Amino acid sequence: MRIGISRISQTSEEAYEVLAAAQRYGFEGVQLKPSQYGEFLSSPEAFQQRYGSLVSLSCGGL
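Going by the numbering used here, the sequence shown wraps up at 56, each residue one higher than the last.
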């Protein structure tokens, strides 16, 4: 199993690109930084809408 640790991204668009790249390169997961998922803590549905099928790759990091 290959799990990646994301680079810091400033926007949700950049975070989307991180997840999309991980999927292209065969990673099963990506440890996201709090700045990449924090805005969605109160609305997991919004996270699902934003990242679609890439949600399955996301793992929260400390």
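Note that beta-carbon positions come from the ideal geometry of N, C-alpha and C, so glycine has one too. Bear in mind the structure is a predicted one, so any value in this text is a computation, not a measurement.
Decide if residue 26 is buried, meaning its Cβ has at least 16 other Cβ atoms within 10 Å, or exposed. Classification of residue 26: buried, given that the 10 Å Cβ count is 16 or more.
In the region -3 to 25, which residue ranges form an unbroken alpha helix (DSSP H) of at least 4 residues, counting only runs that do not cross its ends? Listed in chain order, they are 6 to 18.
Give the straight-line distance between the Cα atoms of residue 40 and residue 7, rounded to the nearest whole angstrom. Distance from the CA atom of residue 40 to the CA atom of residue 7, rounded to whole angstroms, is 14 Å.
Leaving out the 5 sequence neighbours to the left and right, which residues in its chain are closer than 8 Å to residue 51 when beta-carbon positions are compared? Counting only Cβ-Cβ distances below 8 Å, and skipping sequence neighbours, we find 13, 16, 17, 21, 22, 23, 24.
What are the start and end residues of the alpha helix (DSSP H) that includes residue 29? Boundaries of the alpha helix (DSSP H) around residue 29: 28 to 31.
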